[in-house]
Each structure stands twice: as C-alpha cells, then as structure tokens.
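Accompanying notes for the structure given below.
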Amino acid sequence: MRLRTACPATPRAWTVELRSHAGGLVLICRHCPHSITPITAVSARSTALAHLARHVRGDLRPPHLRICQCHECGCRWHPRHRGCAGPIRLLLACERGGRLWRLTDACSACAAVTARAAVVPDTALARAPQPPAAARQRRRPKGPGERIRVREMLSYLAAALPESTSAAARLLALQCALRMNTHMRVRLSKGVLRSLRLDTAEGPWNELEHARWLRMAPGGAANEIAAELLDLTLLGQAPARPDRRRAADWALRASSSAARAIGPLPRLASVYLAANTDPELGTGPGDLEQMARACGTRPAELASPLDQLARTRLLGSWQGVSI
Ligand SMILES: [Zn+2]
Ligand SMILES: [Zn+2]
Ligand SMILES: [Zn+2]
C-alpha cells in the first residue's frame, strides 16, 4: 500500500508575459507548460487578464487559507514598507509597460504600496451562494458601501482597460461592471445612458468592444442596450448584485451632479473625487497620477476639468494637490 503524501498548496500568484515573436505577439504563462498563445496587440490585455482569471477561478480557497504571496516572494514587487497587514485581497499588477501581468493574493499593506496595481473589487470568490429562502427575506447590504465599491472598481478599471480608453468609455464600463449579472450580461436602460449623457453616443461602446472588454448583444429592447462583458476577472465580484447596483446608482448621481461641467472627463473626475473623498473630513486624494490613470488621461490634463468642477462648487479647491 502506498501512502499518499499531502500535496503542498500551490501559491495563489500567477504571472503572464506578452512577448514579441516572429510575426506578432505571444502570451506566455509561467504556470502553463508549453503555453504560447499567439495574440494580437488589440486583444493582448484582455487575453492576458482572461488567462489569469481562469487560474484564479481554478483555485478557489476560503479566506483563512489565503496568505500574502507578495510576502512569500520577499516583497520585491514594491518599495520597502513596514510589513504585512490587513486582509488578503486579490491584486492585479502590471509591469514593464503592460508586458507583464500578475494576479496574486496580497495583504492590504503590500497592495497599497505596489505601483501600477489594483485590488480586484470585492473578491469573494469562495463565498457560497445564498439559499433562495434567505434571499427572499429582507436582506441587509453586504460588503463595502457604495463609495468603496465605486472606488475599487475605478481602480480596477484603471488597470484592466487600455490606457487610451476615453473618459466616456470608462464611465460606461463602470456602470456595466457594477450592473452586470452573474452571467456577465448587462442591460443599460436609455434612462441610465441619458444620465451619463451617452444615450446618443456609439463611440464609447465601440471602444470597449475594440478593447475586447465587452461584446454588444444583438436584439435588445428599444429602450435599452444589452452587452456581454468579457472581462472574466470581474466574475470575482460577490454575488450581491443589489449592492453593486446601488453602487452604480451612486456613481450615476456623482457623475450627474457635475451637470454643468461639460464633457465626460469632468464627469468621470467628479465620480473619482466623490469615491475617493473621506465624507468625514471632506478631503480627497492627493495623488494626481493615480487619478489621471483612472480617468484615462495625464495629470497635467486634469487641471481644466478640476477647474470646471471648482467653478460648479463641487470641489472647494484643489490647490493642495501636487502635480
Ligand atoms: Zn496559465
Ligand atoms: Zn509585499
Ligand atoms: Zn504582504
């Protein structure tokens, strides 16, 4: 009789690389032997993220069995800090100008100091679905509040969408990601699109389709637009859809409160500021670099939308922030 030895748990950290190859680009996964997938430049980011997401979904583990993989690797993915602390989250990090992508379990302290990285929102991957009887009862909101959900989603989209993605497409992506169902399908009513001032614009949809982040679904009703999201990493979201929808409504209100500010960039900047402002203190983020990334622009180009928001009194002043 042979004794079975316990298999050491594989680390929950996965890395893929995009490399130039004769005639194009290939995706190389460090965890899939002999996996070299030819890809096109336009689909590179979405293919890399989809591949990483498949690894995560193949390794669901309850929270108490997850550890900071950053620490396990000697914390060499970020500048020195005081040590690991806080809950373990799933962190998406990008290095070498988008050529290397890593999805890993990391503690909140390591996640906070890792450059070009975003916590994947609400990663309750191993959470059991609610029994129907409990679902019928009056449910209490679960997980983080609207502001935190929106903040995390903006941060995630900053990493997951191509840098060139316009502010309008980012506003749309935020609504889609927060409103999608468990099959990754979403229907945006004309009312929601009107509030976003995107009811007549096809460009942002085309942009997200081109980035392979979503696919438009044909045959939707006349008063809505239907799409299927292709970003598998988002499936890590907790099943609490009503809470996500509430967060989507909150973001909608935050964007339409900038009514007098023209253009999608001030509206997106307004959502970002609301999501990153401490309601107790009334002070917002100090990192313009991060804000610019979430808004799909450069720090210097934020001056004009911030001025517009200051004129509409949504923002008291922004002089304190350094460019
Ligand atoms: Zn792989
Ligand atoms: Zn670390
Ligand atoms: Zn850590």
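Every letter in the sequence shown is one number past the one before it in the numbering used here, and letter 5, counting from 1, is 762.
Don't be surprised by glycine CBs; every beta carbon is placed ideally from N, CA and C.
query: Cα-Cα separation between G780 and T804, rounded to whole angstroms; result: 18 Å
query: Sequence-distant residues of its chain with Cβ nearer than 8 Å to A974 (five each side left out); result: R942, A983, A984 and E985
query: Heavy atom of ligand 1 within 7 Å of S803 beta-carbon; result: no
query: Buried versus exposed call for A866 [16 or more other C-beta atoms within 10 Å across all chains shown]; result: buried
query: Reduced DSSP category for T772 - H, G, I as helix; E, B as strand; rest coil; result: strand
query: Under 8 Å between C-beta atoms of W834 and T871; result: yes
query: Cα-Cα separation, A798 to W970; result: 14 Å
query: Straight-line Cα distance separating I796 from L857; result: 14 Å
query: CB contact flag (L918, R927, <8 Å); result: yes
query: Cutoff 6 Å; reference W771; Cβ partners in own chain excluding five residues on either side; result: H788, L809, H812 and L860
query: With 16 other Cβ atoms within 10 Å as the buried cut-off, status of E959; result: exposed
query: C-alpha gap between P878 and G902, whole angstroms; result: 12 Å
query: Continuous beta strand (DSSP E) stretch holding R856: start and end; result: Per DSSP, R856 belongs to no beta strand (DSSP E) and is neither H nor E.
query: Bridge partner(s) assigned by DSSP for L955; result: For L955, which the question treats as bridged, DSSP gives no partner whatsoever.
query: Contact test: C827 Cβ vs ligand 2 heavy atom, cutoff 7 Å; result: yes
query: Between the CA atoms of R936 and L817 - distance to the nearest angstrom; result: 24 Å
query: DSSP three-state assignment for H835, whether helix, strand or coil; result: coil
query: Spatial distance of T990 from A916 (CA atoms); result: 12 Å
query: Pairwise C-alpha distance: L847 and E909; result: 12 Å
query: heavy atom of ligand 2 below 7 Å from C832 C-beta; result: yes
query: Minimum Cβ-Cβ distance from R1050 to chain D less than 8 Å; result: Chain labels in this structure do not include chain D; a single protein chain is all it has.
query: Three-state secondary structure assigned by DSSP to S921; result: coil
query: Residue range of the alpha helix (DSSP H) that includes E964; result: G960 to H967
query: Exposure label - R769; buried when at least 16 CB within 10 Å; result: buried
query: Closer than 6 Å to ligand 1: residues, by C-beta to nearest heavy atom, in chain order; result: C786, H788, C789, S792, H808 and H812
query: Limits of the unbroken alpha helix (DSSP H) element including C851; result: That residue, C851, is in no alpha helix (DSSP H); its beta strand (DSSP E) goes I845 to E852.
query: Alpha-carbon spacing of P888 relative to E852, whole angstroms; result: Note that P888 scores 43 on pLDDT, short of 50, meaning its location in the model is unreliable and no value can be drawn from it.
query: Helix, strand or coil at A1051 [DSSP, three-state]; result: helix
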